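Q: Residue numbers for the sequence shown follow our numbering, so the first one is 1060 and each next one is one higher.
C-beta: ideal position from N, C-alpha, C; glycine also.
In this text, all values refer to a predicted model and were calculated from it rather than measured experimentally.
Below is one structure. I have some questions about it.
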Amino acid sequence: MDKINLLLASLTVLTFACKSFSMQADDIPRSFNRNPDLKDLGVRAKKVESMDSLLQSFVDERKLNSVAGFVAKGGNIVYKKAFGWKDMENQLPATTDDYYVLFSQTKAITTVAFMTLVEKGLVAIDDPVSKYFPEIPDRVVTKVHEDGTYETRPVQSPMTFVHLMSHTSGLNAGLVEEIRRSEGQKTGTFAGFGGAMPEKAPDGQHSFGGDYNAKYLEDEMLDLAKYPLGFDPGTAWNYHVSTNMLAYLIERISGKPLRQYVKETVLDPLGMTETDWYYGKDALKRFVKTYTMEEGELKLGSQIYVEGAVSSEQTYCEGAIGLNGPIEDYARFCQMLLNKGEFNGHRILKPETVELMTTVDRLRGAEAWGEGFRFGLGFELFNELKKPVPAVSNTAFAWGGLFGTEYIIDPENDMIALFYINMYQRDPLYPLFLEKAYELFNQ
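Okay, structure coming up:
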């Protein structure tokens, strides 16, 4: 009889646990609610109109050519609109389906893709990179001579994947750029942002530190590995190229090209069907044209990054930049992270993995970007000392793109907000949008 009672008690506990799990799972928005009752969410029509007026004013005052805004709370789409012209010369109006060059918003997706390898048990975040790539530098440059020769010393500690995901690896940093300049290589400035413009648009979107003619990311990373580090891993913050090395390691560990692995593990499961490194030529009309502000005047800028995404040779894919797509596609990625790893009926990461990436500051003891700047694995972590606008909570995280695409994921407020423009030089308009986004829910 005791055994029967024990069994019944166990079944009761199991049933309660299953119901609790089911309730928690049901609470997660598996898709966006496109037509929520805004009144039920506490959103007044005047707040929406105020956002409309702000974004339209950016166009009317010729501060930009086009802008798209997206705000969702609890999976409910509260705001999704576009203003302006994706092609001013031909008076083609902007829409929320337009493609934008995302630049460094690629980094977060690459980092999430790497963390799926961690969850598969194929690698650990604290593993030395040399375990998978023996050629990775293990010396730090200490002096560069006038003839280009240099002196080095051994690293104090080996480079790990944490260093790659937090941009503290030492790759291509410090005196390393001086070495590369002495060899006639280009420096760390993007074309169109102070860097030299190529004679023609390269195949794919290329960032600094290498060859516009490189056919594969592997070519760039094998070349980079020939140089020492600029500092000991973990001691300073040097942005960008670490995510390219992370992407190359994804290829080595998974045995698949970066583009294929990212699509299989992140983009396709989330339904991000229009986000990609490359498209056919017919997709060119889907892109917003890129503009710039010169001496207070809005002008057409170089289209090399757009053209690179529709090139005939489609093999070069970076992990640090290169993705493109419409605003709602990336919103799906943001909502997945807000949901602690699940969206569209697919679990991309475990909740504890998302927590690991977005709550632990990896810059402690490292020279960074000033007071309050904190960085996790792939994301900046906002806090009481540094946030884009005061309404942002201390649990929020983000990382935008060089052309002005921005987003925020705010767990405490259960919301995401995205702001898309594609411009070289521009005014700082994103904080104005973000203030309005939070005011939508502030009565």
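Can you give me the Cβ contacts of glutamine 1115 inside the same chain, cut-off strictly under 7 Å, excluding the 5 residues immediately before and after it?
A: Hits under 7 Å: Phe1142.
Q: Between which two residues does the alpha helix (DSSP H) carrying glycine 1128 extend?
A: Unbroken run through glycine 1128 is the beta strand (DSSP E), 1125–1132; no alpha helix (DSSP H).
Q: Could you pull out every residue in the same chain whose Cβ sits closer than 6 Å to the Cβ of threonine 1454, ignoring the five residues on either side in sequence?
A: Cβ within range, chain order: Pro1470, Glu1471.
Q: Where does the unbroken beta strand (DSSP E) through methionine 1474 begin, and where does it stop?
A: Unbroken beta strand (DSSP E) run through methionine 1474: 1474–1479.
Q: From what residue to what residue does the alpha helix (DSSP H) around glycine 1105 run?
A: According to the sequence shown, residue 1105 is lysine rather than glycine. It spans 1104–1119 - the alpha helix (DSSP H) in which lysine 1105 sits, taken as one unbroken run.
Q: With a Cβ-Cβ cutoff of 7 Å, do arginine 1391 and glycine 1437 count as a contact?
A: No, they are not a contact pair.
Q: Give me the DSSP bridge partner(s) of leucine 1151.
A: In DSSP, leucine 1151 forms a bridge with Asp1146.
Q: Among the residues of its own chain, which have a CB less than 7 Å from the CB of serine 1090, if the five just before and after it don't count?
A: Closer than 7 Å at the Cβ level, and outside the excluded window around serine 1090, lie Asn1403.
Q: Count the CB pairs spanning the segment 1257–1276 and the segment 1198–1216 that are closer than 8 Å, and state whether there are at least three.
A: Too few Cβ pairs lie closer than 8 Å, so no.
Q: Quick check: the segment 1171–1187 against the segment 1302–1316, are at least 3 beta-carbon pairs closer than 8 Å?
A: Yes, the segment 1302–1316 is in contact with the segment 1171–1187.
Q: Which same chain residues, not among the five before or five after lysine 1202, have their C-beta less than 7 Å away from its C-beta?
A: For lysine 1202, where only same-chain residues beyond five positions count, the Cβ hits under 7 Å are Tyr1209, Glu1210.
Q: Cα separation between aspartate 1473 and valine 1137?
A: Those two C-alpha atoms are separated by around 12 Å.
Q: Nearest to proline 1187 by alpha carbon, out of Ser1228, Ile1168, Leu1161?
A: Measuring from the Cα of proline 1187, the nearest candidate turns out to be Ser1228.
Q: Tell me, which residues are paired with glutamate 1439 by DSSP?
A: Paired residues: Phe1434, Ala1457.
Q: Please say whether tyrosine 1158 and tyrosine 1479 have beta carbons closer to each other than 7 Å?
A: No, the Cβ-Cβ distance between tyrosine 1479 and tyrosine 1158 is not below 7 Å.
Q: At what residues does the alpha helix (DSSP H) containing aspartate 1388 begin and finish?
A: Segment 1386–1397, the alpha helix (DSSP H) holding aspartate 1388.
Q: Consult DSSP for leucine 1276 and reduce its assignment to one of helix, strand or coil.
A: Residue state, collapsed to three classes: helix.
Q: By Cβ distance, which residues of its chain are closer than 8 Å to proline 1088, with the 5 residues on each side in sequence left out?
A: Once the five neighbours on either side are set aside, the close Cβ partners of proline 1088 are Gly1133, Gly1134, Asn1135, Gln1394, Asn1398, Phe1402.
Q: Name the residue from Ala1295, Phe1441, Arg1345 whose alpha carbon lies nearest to the alpha carbon of threonine 1155.
A: Considering only alpha carbons, the answer is Arg1345.
Q: Are three or more beta carbon pairs between the segment 1450–1467 and the segment 1311–1326 nearer than 8 Å?
A: With a cut-off of 8 Å, the segment 1311–1326 and the segment 1450–1467 do not count as touching, because too few Cβ pairs lie within range.
Q: Express the C-alpha separation of isoleucine 1407 and glycine 1384 in angstroms, rounding to a whole number.
A: Those two C-alpha atoms are separated by around 20 Å.
Q: Just how far apart, CA to CA, sit aspartate 1185 and leucine 1223?
A: Roughly 10 Å between the two C-alpha positions.
Q: Buried or exposed: phenylalanine 1220, going by 16 or more other Cβ atoms within 10 Å of its Cβ?
A: Looking at its Cβ environment, which holds 16 or more other Cβ atoms inside 10 Å, phenylalanine 1220 is buried.
Q: Flag this pair as touching only if the segment 1092–1107 and the segment 1492–1501 have three or more C-beta atom pairs under 8 Å; answer yes or no.
A: Yes, since at least three Cβ pairs between the segment 1092–1107 and the segment 1492–1501 fall closer than 8 Å, the two stretches touch.
Q: Look at the alpha carbon of tyrosine 1363 and the alpha carbon of glycine 1431, and state the distance between them as a whole number of angstroms.
A: The sequence shown places isoleucine at residue 1363, not tyrosine. Using only the alpha carbons, I get a separation of about 35 Å.
Q: At the 7 Å Cβ level, is leucine 1305 part of the contact set with chain C, yes or no?
A: Any reference to chain C falls outside this structure, which holds one protein chain only.
Q: Locate the beta strand (DSSP E) running through glutamate 1465, then write down its first and last residues.
A: Segment 1465–1469, the beta strand (DSSP E) holding glutamate 1465.
Q: In its own chain, which residues sit with a C-beta less than 6 Å from the C-beta of glycine 1254, not counting the 5 before and 5 after it?
A: These residues qualify, in order along the chain: Thr1248.
Q: Grouping DSSP H, G and I as helix and E and B as strand, with all else coil, what is leucine 1444?
A: Of the three classes helix, strand and coil, the one that applies to leucine 1444 here is coil, per DSSP.
Q: When we look at the beta-carbon of asparagine 1149 and count the other beta-carbons within 10 Å, is it buried (16 or more) or exposed?
A: That one is exposed.
Q: Using 7 Å as the threshold, is the C-beta distance between phenylalanine 1162 and leucine 1461 below it?
A: Yes. Within cutoff.
Q: Do asparagine 1442 and threonine 1349 have their beta-carbon atoms positioned less than 7 Å apart in this structure?
A: Contact: no.
Q: When you compare only the Cα positions, how much space is there between leucine 1493 and valine 1130?
A: So the two alpha carbons sit approximately 9 Å from each other.
Q: Buried or exposed, going by whether 16 or more other CB atoms sit within 10 Å of the CB of proline 1213?
A: Answer is exposed; the Cβ neighbour count stays below 16.
Q: Extract the residue ranges of the alpha helix (DSSP H) inside the segment 1330–1367, only unbroken runs of 4 or more that lie entirely within it.
A: Listed in chain order, the complete alpha helix (DSSP H) runs (minimum 4 residues) inside the segment 1330–1367 are 1363–1367.
Q: On a Cα-Cα basis, can you pick out the residue from Ser1109, Trp1144, Ile1380, Lys1139 that is closest to valine 1118?
A: Considering only alpha carbons, the answer is Trp1144.
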